[in-house]
Amino acid sequence: LIFRWVFIPWLQTRKELDAYRNRVNNTLKRADRNKILPHGVPNDMFERPAEYGLLDFKVKVQPEAIDEVRDLYTPRNHEVFQLDPPDFNIIISGLYFELGQPAVTRQGCWEVYLQLRARFRALDEIYRAPVLLNERWGYTLTITVADKFTL
């Protein structure tokens, strides 16, 4: 979940996927004599199929119609569109805030991920320790709201 929380928004907000799509769709593919499909730049073939000896079977749909169908059948607030469970998001947002909310960039995204993972592991040890000590010492320890831990 930590990986998804860090990397998916970075890919989406930094336009990394758009840049990849544009690079692939605007680049001439290497010719392959064993391939019977047309060769060319994918976007050019899409925009001008006749120039490549292709038939145009596109069905043009107004963007407003697509938006209407999307809103009708895929409500944006549906749980399937939640990247992470809400309780996880609360915890990781707090840990990210404690880190000083470092920018998630191409150069630093892995470091942000590693720091958050270390914080989660420390948090896991804090909450697992009472259970381990219960077994060892023979009585129950409790963690109260007044207890403060630094990670």
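This note's numbering numbers the first residue of the sequence shown as 83 and each following residue consecutively.
All residues carry an ideal CB built from backbone N, CA and C; glycine is no exception.
Note that this is a predicted model, so its numbers are computed, not measured.
Item to complete: Just the C-alpha distance for R203 and Y178, rounded to the nearest angstrom, thanks.
Response: 14 Å
Worksheet item: Which runs of the alpha helix (DSSP H) fall wholly inside the stretch 136-180 and span at least 4 residues, in chain order?
Response: 145-155 and 168-180
Discussion item. Taking the straight line between their C-alpha atoms, what separation do you get for P131 and G176?
Written reply: 52 Å
Discussion item. Is it buried or exposed, W192, if we count other Cβ atoms within 10 angstroms and call 16 or more buried?
Written reply: exposed
Practice prompt. Please classify Q197: is it buried, with 16 or more other beta-carbons within 10 angstroms of its beta-carbon, or exposed?
Written response: buried
Worksheet item: How would you call L233, buried or exposed, if buried means at least 16 neighbouring beta carbons within 10 angstroms?
Response: Because L233 sits at a pLDDT of 47, beneath the cut-off of 50, its placement in the model cannot be relied upon, and the following sentence gives the value as read from the coordinates. Answer is exposed; the Cβ neighbour count stays below 16.
Worksheet item: Anyone know if the C-beta pair for L137 and M127 falls short of 8 Å?
Response: no
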